[in-house]
Amino acid sequence: MNYAFYIHLLAFSLFQALSAPAQHVTKAELLGQFDPSEHPDFVKIDAAYTTKSDIYMRREAYAAFELMYAAAAADGIHLKIISATRNFDYQKGIWERKWGRTRYMGWADFAKAKDILTYSSMPGSSRHHWGTDIDLNALSNDWFSTGEGKQIYDWLTENGPSFGFWQVYTPKDDGRLGYNEEKWHWSYLPLATSYLQTYNDSVQAVDIRRFRGAELADSLRIISDYVNGIER
Ligand SMILES: [Zn+2]
Numbered sequence: 009m010n011y012a013f014y015i016h017l018l019a020f021s022l023f024q025a026l027s028a029p030a031q032h033v034t035k036a037e038l039l040g041q042f043d044p045s046e047h048p049d050f051v052k053i054d055a056a057y058t059t060k061s062d063i064y065m066r067r068e069a070y071a072a073f074e075l076m077y078a079a080a081a082a083d084g085i086h087l088k089i090i091s092a093t094r095n096f097d098y099q100k101g102i103w104e105r106k107w108g109r110t111r112y113m114g115w116a117d118f119a120k121a122k123d124i125l126t127y128s129s130m131p132g133s134s135r136h137h138w139g140t141d142i143d144l145n146a147l148s149n150d151w152f153s154t155g156e157g158k159q160i161y162d163w164l165t166e167n168g169p170s171f172g173f174w175q176v177y178t179p180k181d182d183g184r185l186g187y188n189e190e191k192w193h194w195s196y197l198p199l200a201t202s203y204l205q206t207y208n209d210s211v212q213a214v215d216i217r218r219f220r221g222a223e224l225a226d227s228l229r230i231i232s233d234y235v236n237g238i239e240r
């Protein structure tokens with residue numbers, strides 16, 4: 009921490025005080041049924057922050073990220089967004105690509121889905137639909153355990169929450185259910201906490217549909233164990 013960090017923190021507090029109430033979110037948005045490039049609450053992520061050419065975040069989460077990025081840079085930490093908002097169609101692409109892997113030949117559908125769910129969400133149940141969650145630097149817990157990766161992880165753990173960003177997929181030794189630990193996945197909780205509430209109030213297993221294996225959403229307890237399987 010340094011002087012610059014406190015300036016950013018002050019700016020962020022001011023920003024929070026002045027910003028409008030948490031942006032409204034609809035059930036369709038939480039299910040990923042929209043195009044972020046055409047949605048007024050979403051902004052394109054500047055090339056300075058990402059390796060991808062056309063990715064988006066919710067405006068408020070992005071403003072907080074920009075402040076966090078600057079504070080990190082002042083401490084010699086270089087954050088890089090490698091994934092942000094993914095809508096239903098994008099997540100369906102990820103899911104069905106994995107579903108069709110040759111190594112799953114002969115597997116029962118339930119076991120196959122369970123295995124994919126180690127790290128990947130069913131379409132309609134991903135926090136990446138919400139525009140509040142980002143993947144940073146590398147999709148590897150090992151990478152964040154040594155060297156530059158560890159420096160970045162330690163910085164995020166200490167400072168991320170000051171900017172609203174938290175690791176939600178923590179180690180599972182505390183009995184947390186759902187996805188395995190993801191040291192790269194950071195969630196902007198000032199929005200995402202209320203989005204989870206809205207999700208729980210409006211979405212049911214029958215709403216998770218239209219992709220291969222979707223009929224298993226209920227028996228796999230997707231909403232109770234995966235969507236809600238987070239550290240809060
Ligand atoms: Zn992620």
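First residue of the sequence shown: 9, per the working numbering; consecutive thereafter.
Virtual Cβ for every residue (Gly too), placed ideally from N, Cα, C.
Values in this document were obtained by computation on a predicted structure and should not be read as measured data.
Closest Cα partner of residue i within the set the options
| i | options | result |
| --- | --- | --- |
| serine 153 | Val176, Ser170, Lys191 | Lys191 |
| glutamate 74 | Asp62, Asp83, Leu87, Ile63 | Leu87 |
| alanine 36 | Gly114, Tyr207, Tyr127, Arg218 | Tyr207 |
| histidine 47 | Met65, Ala56, Gly114, Ile124 | Met65 |
| tyrosine 77 | Asp62, Tyr57, Ser61, Glu68 | Tyr57 |
| aspartate 117 | Gly237, Asn236, Leu228, Tyr234 | Leu228 |
| glycine 101 | Gly40, Thr165, Lys180, Gly168 | Gly40 |
| leucine 185 | Gly157, Ser232, Arg111, Ala119 | Ser232 |
| leucine 224 | Ser129, Ala81, Asn236, Gly157 | Ser129 |
| proline 198 | Leu144, Phe171, Val211 | Phe171 |
| isoleucine 63 | Ser45, Asp182, Ala72 | Ser45 |
| leucine 38 | Asn167, Thr110, His136 | His136 |
| alanine 80 | Asp43, Glu156, Asp209, Asp181 | Glu156 |
Simplified DSSP assignment, three categories, for residue i
| i | result |
| --- | --- |
| threonine 178 | coil |
| leucine 39 | coil |
| lysine 52 | strand |
| phenylalanine 173 | strand |
| tyrosine 207 | helix |
| alanine 72 | helix |
| aspartate 150 | coil |
| isoleucine 216 | coil |
| isoleucine 160 | helix |
| serine 134 | coil |
| leucine 197 | helix |
| glycine 187 | The question names glycine, yet the displayed sequence has tyrosine at residue 187. The answer is coil: DSSP assigns tyrosine 187 none of H, G, I, E or B. |
| serine 45 | helix |
| tyrosine 127 | coil |
| isoleucine 63 | coil |
Beta-carbon proximity of residue i to residue j, cut-off 8 Å
| i | j | result |
| --- | --- | --- |
| phenylalanine 173 | proline 131 | no |
| isoleucine 90 | tryptophan 103 | no |
| tryptophan 163 | isoleucine 85 | yes |
| alanine 200 | tryptophan 138 | yes |
| tyrosine 177 | tyrosine 187 | yes |
| isoleucine 230 | alanine 213 | yes |
| valine 33 | tyrosine 196 | no |
| serine 133 | tyrosine 234 | yes |
| tyrosine 127 | lysine 120 | no |
| arginine 50 | threonine 110 | Before going on, a small fix: residue 50 reads as phenylalanine here, not arginine. No, the Cβ-Cβ distance between phenylalanine 50 and threonine 110 is not below 8 Å. |
Contact test: residue i Cβ vs ligand 1 heavy atom, cutoff 7 Å
| i | result |
| --- | --- |
| serine 128 | no |
| glutamate 104 | no |
| serine 91 | yes |
| histidine 47 | no |
| glutamate 189 | no |
| aspartate 97 | no |
| histidine 193 | yes |
| histidine 136 | yes |
Do the segment 144–151 and the segment 203–223 make contact, defined as three or more Cβ pairs closer than 8 Å? They do not touch, by the three-pair rule.
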